[in-house]
Amino acid sequence: MSERFDPSSADARWQREWDERQCFRADDASAKPRSYVLEMFPYPSGRIHIGHVRNYTMGDVLARYKRMQGFEVLHPMGWDAFGMPAENAAMEKGVHPGGWTRDNIANMKAQLKRLGFALDWSRELATCEPEYYGHEQALFLDLYAGGLVYRKESAVNWDPVDMTVLANEQVIDGRGWRSGALVEKRKLSQWFLRITDFADELLEGLGTLDGWPEKVRLMQENWIGKSQGLQFRFDVIDPPAGLPASFDVFTTRPDTMFGASFAAVAAEHPLALKLAEGDAAVAAFIEECRKGGTTAAELETAEKKGYDTGLRVAHPLDSAQSLPVYIANFVLMDYGTGAVFACPAHDQRDLDFARKYGLPVRRVVADGQNTAAEYAGNEAYTGDGMLVNSGFLDGMEVEAAKAAVIARAEGEGWGKGQTVWRLRDWGVSRQRYWGTPIPFIHCEACGIVPVPKDQLPVTLPEDVDFSTPGNPLLRHPTWKHVDCPTCGQPAQRETDTLDTFVDSSWYFLRFASQPADKPFDPEEIARWLPVEQYIGGIEHAILHLLYARFWTRALKRIGKLDVAEPFASLFTQGMVTHETYYRSVRKDFTREDGSIADVLTLDEMYSPFEVIRTSEGATLKADGQPVQIGKVIKMSKSKKNVVDPDEIVATYGADAIRWFMLSDSPPERDLPWSEAGIEGCGRFVQRLWRLFGQYDAAASGEDKALDRKRDQAVAAVAEDIEALSFNKAVARIYELASAVEKAAPSASRSQAIRTLLLLVAPMMPHLAEEGWATIGAGDSGGLVADAAWPVFDPALLVEDEVTVAVQVKGKLRDTLTVAKGTSREDLEALALASDKVQRALDGAEVKKVIVVPDRLVNLVA
RNA sequence: GCGGACGUGGCGGAAUGGUAGACGCAGGGGACUUAAAAUCCCUUGAGCUUGCUCGUGCGGGUUCGAGUCCCGCCGUCCGCACCA
139 MSERFDPSSA
149 DARWQREWDE
159 RQCFRADDAS
169 AKPRSYVLEM
179 FPYPSGRIHI
189 GHVRNYTMGD
199 VLARYKRMQG
209 FEVLHPMGWD
219 AFGMPAENAA
229 MEKGVHPGGW
239 TRDNIANMKA
249 QLKRLGFALD
259 WSRELATCEP
269 EYYGHEQALF
279 LDLYAGGLVY
289 RKESAVNWDP
299 VDMTVLANEQ
309 VIDGRGWRSG
319 ALVEKRKLSQ
329 WFLRITDFAD
339 ELLEGLGTLD
349 GWPEKVRLMQ
359 ENWIGKSQGL
369 QFRFDVIDPP
379 AGLPASFDVF
389 TTRPDTMFGA
399 SFAAVAAEHP
409 LALKLAEGDA
419 AVAAFIEECR
429 KGGTTAAELE
439 TAEKKGYDTG
449 LRVAHPLDSA
459 QSLPVYIANF
469 VLMDYGTGAV
479 FACPAHDQRD
489 LDFARKYGLP
499 VRRVVADGQN
509 TAAEYAGNEA
519 YTGDGMLVNS
529 GFLDGMEVEA
539 AKAAVIARAE
549 GEGWGKGQTV
559 WRLRDWGVSR
569 QRYWGTPIPF
579 IHCEACGIVP
589 VPKDQLPVTL
599 PEDVDFSTPG
609 NPLLRHPTWK
619 HVDCPTCGQP
629 AQRETDTLDT
639 FVDSSWYFLR
649 FASQPADKPF
659 DPEEIARWLP
669 VEQYIGGIEH
679 AILHLLYARF
689 WTRALKRIGK
699 LDVAEPFASL
709 FTQGMVTHET
719 YYRSVRKDFT
729 REDGSIADVL
739 TLDEMYSPFE
749 VIRTSEGATL
759 KADGQPVQIG
769 KVIKMSKSKK
779 NVVDPDEIVA
789 TYGADAIRWF
799 MLSDSPPERD
809 LPWSEAGIEG
819 CGRFVQRLWR
829 LFGQYDAAAS
839 GEDKALDRKR
849 DQAVAAVAED
859 IEALSFNKAV
869 ARIYELASAV
879 EKAAPSASRS
889 QAIRTLLLLV
899 APMMPHLAEE
909 GWATIGAGDS
919 GGLVADAAWP
929 VFDPALLVED
939 EVTVAVQVKG
949 KLRDTLTVAK
959 GTSREDLEAL
969 ALASDKVQRA
979 LDGAEVKKVI
989 VVPDRLVNLV
999 A
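Numbering-wise (our numbering), the first sequence opens with residue 139 and increments by one.
And the structure:
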């Protein structure tokens, strides 16, 4: 064995070996128990980011460990390859989105290979290839046939300069993020998926996902947003001609109906719009509401504003009462019915509004002993209590009163119990080129016609022009012109493409089953799904994970597969962070005549490679002067605090960076990158290598203590990996390595070295293979990638000597080393015999003795 | 505002209610070396009177015993948000 482990030659050599032997190819026909380990597939942006390395290293350790435990493991990789950046590159650099994307894939695949991940590349897929998106089109048609896809007019953010629809996230302060143009609301006919049909199931299903973080389940629960209450009708008293005679409101507090003091409709409510037609003041008010900002800060401080329409509605429970109708800026058109009844005493917004406009505030829920109808103060009472001042509801608790009002409304026919969801149907139309074409044809005679399945895939044209804004598919000279499949007359293709979240809603199914003639085979899916462990970033907690759950359930409902929840366990890993370095620089903006127009203080950022970091501070290499050390934040190009995984691999080898990704920080938390840290990892790789070199098959003699440490490490590391507590597994391995280093040569020591190699094999596979070639030869002769996890006798884990803490009044005074299982009496006697204990007791009488066998003795004086 | 997570040495972090600080990084001292690198050994929570005191954001409580459980604060981060 050579002196040093040389990753620059060993890494590539073993990667080639794994490739040639197809070690990580999942066998569909295997009789072994199965395990599907999946990390969220990357967008091919160009380079692998350090966050990818962390994500895929975690999955890789688990996949390799599962293989060692005798599982048939499916651990695939692919590319979420459609999306905006490719079109941006096309516009900026004049390249083709497809060429750009495929080049990126090739580069990133090579990068992933250099990290030595145990992936089944035979199942690689890219969502931008017709072999993938053609099947997606087929599934979309199946969902259409199943009634889960429909078209409707919907308002979108329209960028009039780029001539495209923008996602909400792409609208910044009302302007398009690229063009800077004021964004318009535009009505477009768009394709929708009926995710709201599954709102209840998706919510219920969360309860079965024991392997998901509570945080993610809560986020999805809030997103789905189930509210139960009463929807009821307000009749307008003496409605003016041309106005609706009634409108519906929704409330979760029907119990508070006797406290109602006004009704309010949203500015975009049909009633308000109708009133505006004949009344300029109403129109002006509506316009004012529209201008209101939607940022969090603006909403926080926004004043409640209302416009009294002069209309009045009858109180459904008390015909003697009527309520004024306001148009109010705090009522949202797209939630519930866009209209509310207001009970100021028990709702903060209603109270703010009532106080401002001098409307009555009547208590109907008792706040403890406080039952007076007169409601004082500016804080609404929203707690439980007994109904008061409420006619037939008096004396009931809130929940009972809700039920009573709903029952009465349903009996009398003016309302019914209703569930309202925050979740909206999923709009999937995008006016973009680089996405899956929506497989429909618009025919003047026949309407909307699905593309017949034998004509799939509908492929994207290659010859497209990005020199002018807008959707290239729309202005392509020939692509959209087709004959109607039904009547044969000239017709037009749908030129919208699917939201890329559709692509990622079923890729995990295609990984498990890849027939050429259909999206997947349900029997093959049943063999691999659900994914045993899914790993990815928390940023996908809602959209991707909810869409994937929905898509799977939708396919189940139409009989395409028999899986309800695609991901049995989910793990959301933290980010990789790094210090930032900056200097505050004064910038003078001078006019042409030399006068100063503006002075700003800007932070100039420096990359870690421009900076020398010592324990005292940081200096810039260029001038030797100090720089400020900023916050530790997620690596990002704009903050210049990125490190390139490729450079780390070139310097320290794949195993060192993998080890770093697993060390120190718990995997769900952020991991601060440090130069010193990666150097330490590089040193540990070499330290293990030296240990492997000390393996001596001929050594003899037993070292019981080391045997036990070895077995304890095997058990603990296995437990830690299964819990994804990689940082603890790493610490255990360090401990065993130190113990082995200190031990004198023996057969036990050689055995421990061999075990150590197996324990690090999932984490440092290249080093392990290189060592196994010497140490493992003779027992299997094969690769450590195919080796089994070390076995041990659980009985041997038990220590025969234990250290027992001795406390006096709860404070540690001494420790005793005794045989395991020493009796309570003996422990007590030994504790009392201790000088330190006697000194601490200082003659006091021992009143009580607590003995926890093998752990501690506490003497209470 | 609502919901959630977290607060432990210089830093990342360990710790089924039972010896707080495992393990790593950084620091200090030493060995080897002409020297450096590499490696190895010792040391490293604070304070003082060197065997004692204090120490897990703050204040209470439960307990023989609390980083851990309960109550009330403070702070940081994340998600959602005029959701009726």
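Even glycine gets a Cβ: it sits at the ideal position worked out from N, Cα and C. All values reported here derive from a predicted model rather than from experimental measurement.
For residue i, which of helix, strand or coil comes out of DSSP?
| i | result |
| --- | --- |
| P991 | coil |
| P378 | coil |
| L809 | strand |
| I734 | strand |
| G523 | coil |
| Y744 | strand |
| L331 | strand |
| C427 | helix |
| G189 | helix |
| T433 | With a pLDDT of 41 at T433, under the threshold of 50, the modelled position of this residue cannot be trusted, and the question is left open. |
| S722 | strand |
| H213 | coil |
| P226 | The question names Pro, yet the displayed sequence has Asn at residue 226. If DSSP states are grouped into helix, strand and coil, N226 belongs with the helices. |
| H682 | helix |
| P1004 | The question about residue 1004 has no answer here: the residues shown for the chain are numbered 139 through 999. |
| F649 | helix |
| C581 | strand |
Are residue i and residue j close, meaning C-beta to C-beta below 9 Å?
| i | j | result |
| --- | --- | --- |
| V878 | L905 | no |
| V994 | V944 | Checking the sequence, you will find Leu at residue 994 rather than Val. For L994 and V944, yes; Cβs fall inside 9 Å. |
| Y519 | A483 | yes |
| L253 | V199 | no |
| M206 | L257 | no |
| S365 | W559 | yes |
| I579 | Q652 | no |
| G522 | E535 | Gly is not the amino acid found at residue 522; the sequence shown has Asp there. Yes. |
| V640 | T574 | yes |
| D393 | V478 | no |
| I243 | A219 | yes |
| A466 | V403 | yes |
| S460 | I375 | yes |
| T739 | Q569 | no |
| L449 | L531 | no |
| F143 | W617 | no |
| A706 | S643 | no |
| Y833 | S884 | no |
| E161 | W217 | The sequence shown places Cys at residue 161, rather than the Glu named in the question. Result no, Cβ atoms of C161 and W217 do not sit closer than 9 Å. |
| I424 | L409 | no |
Report the CB separation of residue i from residue j in whole angstroms; it is logged as a contact under 8 Å.
| i | j | result |
| --- | --- | --- |
| T346 | G367 | So it is not a contact: roughly 27 Å between Cβ atoms. |
| L874 | R848 | 7 Å |
| W156 | A923 | 6 Å |
| V940 | K958 | 5 Å |
| G314 | V299 | 7 Å |
| H716 | W811 | 5 Å |
| V781 | P805 | The pair is not a contact, with the Cβ atoms about 19 Å apart (cut-off 8 Å). |
| Y203 | P900 | 5 Å |
Taking DSSP's pairing of strands, which residues face residue i in a bridge?
| i | result |
| --- | --- |
| D621 | P628 |
| Q711 | G675 |
| T635 | R568, P575 |
| I859 | The partner list for I859 (beta bridge, DSSP) is empty, contrary to what the question assumes. |
| S642 | Paired residue(s): none; S642 is not in a bridge. |
Worksheet item: Touch check for the stretch 177-192 and the stretch 219-226: three-plus C-beta pairs under 8 Å?
Response: yes
Discussion item. Three or more C-beta pairs under 8 Å: does that hold for the stretch 662-672 against the stretch 161-174?
Written reply: yes
Worksheet item: Does the stretch 324-332 touch the stretch 279-288, meaning 3 or more C-beta pairs lie closer than 8 Å?
Response: yes
Worksheet item: Using 8 Å as the Cβ pair cut-off and three pairs as the minimum, do the stretch 788-797 and the stretch 896-905 touch?
Response: yes
Discussion item. Below 8 Å, how does it come out for the stretch 706-713 and the stretch 670-678: are there three or more Cβ pairs, yes or no?
Written reply: yes
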